[in-house]
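Taking it in order: structure first as structure tokens, then the write-up.
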Amino acid sequence: MTDLAATDDLFFTNTALSLDKAQSMVDDALHGSDDGELFLEYRQAESIMFDDGRVKSASFDTAQGFGLRAVSGEATGYAHASEMSEDALARASQTVRAVIRGNGGAEAVPLKPTNRSLYGDHNPLSLVPFEDKVGLLAEMDAYARSLDPDVKQVTASVLGSWQAVQIVRAGGERVADIRPLVRLNVQVVLEKDGRMEMGSHGIGGRITFETYLQPETWKPAVDEALRQARVNMQADPAPAGEMVVVLGPGWPGILLHEAIGHGLEGDFNRKKTSAFAGLRGEAVAAPGVTVVDDGTLDDRRGSLTIDDEGTPSEYTTLIEDGKLTGYMQDRMNARLMGEKSTGNGRRQSYAHMPMPRMTNTYMLAGDKDPGEIIASVDKGLYATSFGGGQVDITNGKFVFTCTEAYKIENGKATTPVKGATLIGSGPDVLTKVSMIGNDLQLDPGIGTCGKNGQGVPVGVGQPTLRIDGLTVGGTAVG
Numbered sequence: 349m350t351d352l353a354a355t356d357d358l359f360f361t362n363t364a365l366s367l368d369k370a371q372s373m374v375d376d377a378l379h380g381s382d383d384g385e386l387f388l389e390y391r392q393a394e395s396i397m398f399d400d401g402r403v404k405s406a407s408f409d410t411a412q413g414f415g416l417r418a419v420s421g422e423a424t425g426y427a428h429a430s431e432m433s434e435d436a437l438a439r440a441s442q443t444v445r446a447v448i449r450g451n452g453g454a455e456a457v458p459l460k461p462t463n464r465s466l467y468g469d470h471n472p473l474s475l476v477p478f479e480d481k482v483g484l485l486a487e488m489d490a491y492a493r494s495l496d497p498d499v500k501q502v503t504a505s506v507l508g509s510w511q512a513v514q515i516v517r518a519g520g521e522r523v524a525d526i527r528p529l530v531r532l533n534v535q536v537v538l539e540k541d542g543r544m545e546m547g548s549h550g551i552g553g554r555i556t557f558e559t560y561l562q563p564e565t566w567k568p569a570v571d572e573a574l575r576q577a578r579v580n581m582q583a584d585p586a587p588a589g590e591m592v593v594v595l596g597p598g599w600p601g602i603l604l605h606e607a608i609g610h611g612l613e614g615d616f617n618r619k620k621t622s623a624f625a626g627l628r629g630e631a632v633a634a635p636g637v638t639v640v641d642d643g644t645l646d647d648r649r650g651s652l653t654i655d656d657e658g659t660p661s662e663y664t665t666l667i668e669d670g671k672l673t674g675y676m677q678d679r680m681n682a683r684l685m686g687e688k689s690t691g692n693g694r695r696q697s698y699a700h701m702p703m704p705r706m707t708n709t710y711m712l713a714g715d716k717d718p719g720e721i722i723a724s725v726d727k728g729l730y731a732t733s734f735g736g737g738q739v740d741i742t743n744g745k746f747v748f749t750c751t752e753a754y755k756i757e758n759g760k761a762t763t764p765v766k767g768a769t770l771i772g773s774g775p776d777v778l779t780k781v782s783m784i785g786n787d788l789q790l791d792p793g794i795g796t797c798g799k800n801g802q803g804v805p806v807g808v809g810q811p812t813l814r815i816d817g818l819t820v821g822g823t824a825v826g
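Under this note's numbering, the first residue of the sequence shown carries the number 349, and numbering increases by one thereafter.
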């Protein structure tokens with residue numbers, strides 16, 4: 349956890365808001381409430397895009413503000429402002445107290461302190477000059493074009509942010525965190541014989557930009573984007589129908605994140621709108637399936653030393669050997685369900701209220717060799733990468749687009765296919781997992797999760813999986 353003094357300069361020393369006055373106003377605003385906090389945030393964000401041999405766009409933004417929340421039962425009062433002053437906080441206090449009237453209040457759960465730190469607090473935006481980042485993108489463009497004369501277009505970008513937060517609670521409790529986050533993306537378009545195909549790849553995490561300046565880091569990213577484009581150039585229309593589907597390791601875990609993960613968040617289960625509501629202790633997946641949410645991994649995109657309510661993140665087992673064992677909880681839903689927060693209270697910014705959100709969600713490894721899994725399939729689909737998808741939380745039904753997939757014929761991955769979509773239900777898919785690989789991988793650090801209009805960085809992962817009887821939508825005729 350970050351030393352409070354490191355963030356006090358941002359929120360109190362150099363603003364029109366004093367710590368003593370802010371604490372007094374928070375104590376008064378939250379008196380009689382069940383819970384609540386003052387969330388203070390300072391953020392810098394930078395984005396540079398290089399396209400067709402030149403800088404296409406560049407931006408640098410700074411934002412600062414606070415959000416004040418009071419919780420009474422299931423009612424929440426929330427006010428936020430970009431003005432860091434006593435007047436703004438006083439107006440916010442009047443607003444949030446409206447939900448407290450007539451409520452006796454309950455003792456809020458105290459914060460659990462932590463001395464760990466899952467990532468450095470250096471500002472990634474200031475350590476590497478702007479011109480060096482542009483130079484990196486230019487190198488990536490030139491390198492991609494040198495590898496293949498059919499490269500038509502290269503788009504490369506770097507994105508970074510540096511976020512400092514402090515959470516102030518009634519009674520003098522305070523915690524703080526400083527969070528770096530960077531991402532490098534590259535997209536390559538090939539054109540040959542009148543056909544154009546694209547491949548893309550991204551890497552990222554809670555680290556600084558220096559790592560990405562090294563050729564041993566960015567060259568493999570370009571190589572991977574070009575490889576995907578070449579595969580797509582050879583792809584045939586995807587078959588359709590119900591068949592065995594093998595999911596590759598790593599990024600395909602995004603399907604589990606969407607189709608299963610959201611359904612295991614506390615708010616949906618408290619309101620009984622999730623397909624998993626009321627099923628704790630029951631078998632919801634095939635034996636051997638264990639799914640966890642782990643916000644404690646060093647430097648990972650979805651990791652948090654503390655969540656946006658001040659609770660240390662945890663390793664939370666959601667499904668163990670096929671049985672539902674728990675949910676991801678923020679403070680409010682945990683209190684209303686008689687449980688404890690799992691460190692999953694997250695918000696996009698000071699302008700948003702926290703709610704239960706995933707961090708790094710993945711399935712644990714099994715004991716099967718990936719080659720053995722593919723060899724076990726006479727006819728099916730091997731999907732190794734996904735694009736967009738949609739899911740209905742109430743029933744778990746999903747549709748996902750494959751960005752890289754292959755036919756499986758007689759136990760071998762053969763022809764690449766394009767236009768494949770996977771259609772099914774999250775709870776149903778879990779019961780059809782028949783083989784689990786020993787090759788657990790996490791995604792390369794590119795995930796952003798959307799929920800109720802808020803986006804937060806997340807991680808996903810899984811080993812190779814065999815799923816029996818999944819519907820594939822395709823474009824092949826006959």
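Think of the CB as a built atom: it goes at the ideal place given N, C-alpha and C, for glycine as much as any other residue.
For the alpha helix (DSSP H) containing M711, name the first residue and the last one.
Per DSSP, M711 belongs to no alpha helix (DSSP H); it is in the beta strand (DSSP E), 708–711.
My guess is that I756 and K727 are in contact by the Cβ rule of under 8 angstroms, so how many angstroms apart are they, rounded?
7 angstroms
Measure the C-alpha to C-alpha separation of V739 and K369 and round it to an integer number of angstroms.
Pairing V739 with K369, the inter-Cα distance amounts to about 46 angstroms.
DSSP has G415 in a bridge; who is on the other side?
F387, H428
Only counting the same chain, and skipping five residues up and downstream in sequence, which positions put a Cβ closer than 6 angstroms to that of V516?
Hits under 6 angstroms: V374, L386, R522.
Using only the alpha-carbon positions, how far apart do G826 and T819 sit?
Note on G826: pLDDT 48, under 50, position unreliable in the model; no value is reported.
Got a sec? Which residues, its chain only, sit under 7 angstroms from K460 by beta carbon, not counting five neighbours each side?
T659, P660
Is the region 528–541 in contact with the region 499–517, if contact means three or more CB pairs nearer than 8 angstroms?
yes
Strand pairing of F408, partner residues [DSSP]
E394
Out of curiosity, what's the CA-to-CA distance linking F616 and A625?
8 angstroms
Rank F408, I608, L538 by C-alpha distance to the C-alpha of V777 and give the top, closest one.
Checking every option, the nearest Cα to that of V777 belongs to I608.
Member of G736, D480, P497, E606 whose CA lies at the smallest distance from the CA of K799:
E606
Indicate whether at least one CB of chain B lies closer than 9 angstroms to the CB of I722.
Going by chain labels, chain B is absent from the structure shown, which holds only one protein chain.
If L466 sits next to D647, beta carbons under 8 angstroms apart, how far is it from one beta carbon to the other, in whole angstroms?
7 angstroms
Simplified DSSP state of F827, which is helix, strand or coil:
Given a span of 349 to 826 for the chain in the structure shown, any question on residue 827 remains unanswerable.
By Cβ distance, which residues of its chain are closer than 8 angstroms to S366, with the 5 residues on each side in sequence left out?
If we look at S366 and ignore the five residues flanking it on each side, its Cβ neighbours are F360, E434.
Does the Cβ of D400 have 16 or more other Cβ atoms within 10 Å, making it buried, or fewer, making it exposed?
exposed
According to DSSP, is K481 part of a helix, a strand, or is it coil?
helix
Give the straight-line distance between the Cα atoms of G483 and A490, rounded to the nearest whole angstrom.
11 angstroms
Using only the alpha-carbon positions, how far apart do A446 and E422 sit?
13 angstroms
Using a Cβ-Cβ cutoff of less than 8 angstroms, which residues in the same chain neighbour V632 once the five nearest sequence positions on both sides are dropped?
F624, I667, G670, K671, L672, P775, L778, T779
Give me the DSSP bridge partner(s) of N533.
Beta-bridge pairing links N533 to S505, G550.
Of the residues M706, L352, S773, which one's Cα is nearest the Cα of Q514?
L352
Go ahead and pull the three-state DSSP assignment for Q738.
DSSP places Q738 in strand when its eight states are reduced to three.
Helix, strand or coil, according to DSSP, for K620 in the structure here?
Here K620 carries a coil assignment [DSSP, helix/strand/coil].
Alpha carbon to alpha carbon, how far is I794 from R618? Give it in angstroms, no decimals.
30 angstroms
In the structure shown, what three-state DSSP assignment does D715 receive?
coil
According to DSSP, P585 sits in a beta bridge with which residue or residues?
Answer is K766, bridged to P585.
With DSSP collapsed to three states, give me the class of E521.
Residue state, collapsed to three classes: coil.
Assign A364 to one of two classes, buried (16 or more other C-beta atoms within 10 Å of its C-beta) or exposed (fewer than that).
exposed
Helix, strand or coil: how does DSSP classify V725 here?
coil
For D382, count neighbouring Cβ atoms within 10 angstroms of its own Cβ and tell me buried if that reaches 16, exposed if not.
buried
In whole angstroms, what separates the C-alpha of P811 from that of L358?
43 angstroms
List the residues that DSSP assigns as beta-bridge partners of A761.
I756
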